[in-house]
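Structure record follows, encoded as structure tokens.
In the working numbering, the protein residues as written are 172 to 264.
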């Protein structure tokens, strides 16, 4: 039989991770996306470095941010399922 353990500390840490993902971090990613779109407009910001930002820096960064957001959502979902399974198996709430 494998060990199943989930302390109150684990429950609290899971809640904190989910809270960071739900409230703060994904909101910050959205805010970065908004500002990146503004800076990608040549009518707002232009020149050689702005063109480099538009052409490569921002598209690469945006792709990384989108991937991070997706992976964080998957992490949040996995933590929720694991937490429910462990607390159900252990008789906790």
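In this text, a Cβ means the ideal position worked out from N, Cα and C, and glycines have one as well.
Bear in mind the structure is a predicted one, so any value in this text is a computation, not a measurement.
What is the residue span of the alpha helix (DSSP H) that residue 228 lies within? The residue you call residue 228 lines up with position 57 of the chain shown. Element bounds for residue 228: n/a, residue is neither H nor E.
So which of 200, 230, 219 has the shortest CA-CA distance to residue 242? Within the chain shown, residue 242 is the residue found at index 71, counting from 1. For the residues 200, 230, 219, the minimum Cα distance to residue 242 belongs to 200.
My guess is that residue 198 and residue 233 are in contact by the Cβ rule of under 8 Å, so how many angstroms apart are they, rounded? The count along the chain shown starts at 1 and reaches residue 198 at position 27. The count along the chain shown starts at 1 and reaches residue 233 at position 62. Not confirmed; about 16 Å, so no contact.
Could you tell me whether the Cβ atoms of residue 250 and residue 185 are closer together than 8 Å? As a first step, residue 250 must be located in the chain shown, where it is residue number 79. As a first step, residue 185 must be located in the chain shown, where it is residue number 14. It is a contact, given that the beta carbons lie within the stated cut-off.
Beta-carbon gap between residue 194 and residue 229 smaller than 8 Å: Residue 194 sits at position 23 when you count from the first residue of the chain shown. Residue 229 sits at position 58 when you count from the first residue of the chain shown. Taking 8 Å as the Cβ cut-off, residue 194 and residue 229 do not qualify as a contacting pair.
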